[in-house]
Every structure is written in C-alpha cells, then in structure tokens.
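Under the working numbering, the residues of the sequence shown are numbered 1013 to 1119, in order.
What follows is a set of notes on a single structure, which appears directly below.
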Amino acid sequence: MKTLLITAGIALLSLTSAPSSAHSKQVVTTDSSADSSLCAAIIKDKPVVITKRLKQARLRKHQAKEVLFCNGLSLSEFAQKHNSYKAIAHLRLEPSQEQLANNNIVK
1013 MKTLLITAGI
1023 ALLSLTSAPS
1033 SAHSKQVVTT
1043 DSSADSSLCA
1053 AIIKDKPVVI
1063 TKRLKQARLR
1073 KHQAKEVLFC
1083 NGLSLSEFAQ
1093 KHNSYKAIAH
1103 LRLEPSQEQL
1113 ANNNIVK
C-alpha cells in the first residue's frame, strides 16, 4: 500500500511539473508571410531568430522599424507590449514620443 501511494505521488508530481513549457509564449500566425514570422520572433524575444527573419524578409533593421507593423502597432510598441527586452535592444527600438508622454518615461 505504501509503495502504491509513493508511486501515485511521484506520478502526480511528474504530471504537474511537466507543463513547464506552458509558461513560454505561444504564438500563432494567421499567414506564413515573413512579416508575420518576424512579429512572432519579436514575441519570442530571440535576437538570432529576429535577424534570420529580417534576412528572409529582405529588410534591414532601420527599414523594419519604419515600415513593419504588428497587430496595428509599431515594432517598438509591439515589443514593449510583449516585454521583449532583447528584441528592443537588438533592433534599437526607442519609445515613441506618444509613449513617452503616456508613460512618463524619462529618457
């Protein structure tokens, strides 16, 4: 009986600790365009993947900052919304003047 309880306890613990990957961000894109995959890479906050997606889209960092929008937001707003700090640093994104005014961020 003791062995059965211990085995059941171990099984229960392994099931509860298994979904540790559930804390990672799940991203679903509606299409397979390079722009969508770049937005997904920003959410995942992986600079290497961001660089790869920029090359696939044939964009440079400064071009992407000017022309690319994710969910209707600029790259800076999108990255900040998803707390993608590595992406912000990698793309050298700065908050817009509107964001500075709204958040009282001192530069």
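Even glycine gets a Cβ: it sits at the ideal position worked out from N, Cα and C.
Nearest-angstrom Cα separation, counted from residue j out to residue i
i     : j     : result
L1066 : R1072 : 7 Å
H1035 : K1056 : In this prediction, H1035 has a pLDDT of 48, which is less than 50 and means its spatial position is unreliable; what the coordinates show is noted afterwards. About 12 Å.
I1062 : H1074 : 13 Å
D1047 : A1069 : 7 Å
A1076 : K1098 : 16 Å
L997  : L1103 : Outside the displayed span of the chain (1013 to 1119) sits residue 997, for which this structure offers no information.
For residue j and residue i, believed in contact at Cβ under 8 Å, the rounded distance
i     : j     : result
C1082 : I1100 : Actually they are not in contact, since the Cβ atoms of C1082 and I1100 sit about 13 Å apart, beyond 8 Å.
From the options, residue whose alpha carbon lies closest to that of residue i
i     : options             : result
L1105 : C1051, L1087, K1058 : L1087
S1096 : S1045, P1059, S1049 : P1059
Original post:
Hey, which unbroken runs of the alpha helix (DSSP H) at 4 residues or more fall wholly within the stretch 1035-1107?
Top reply: 1046-1056, 1059-1069, 1073-1079, 1087-1093, 1097-1103
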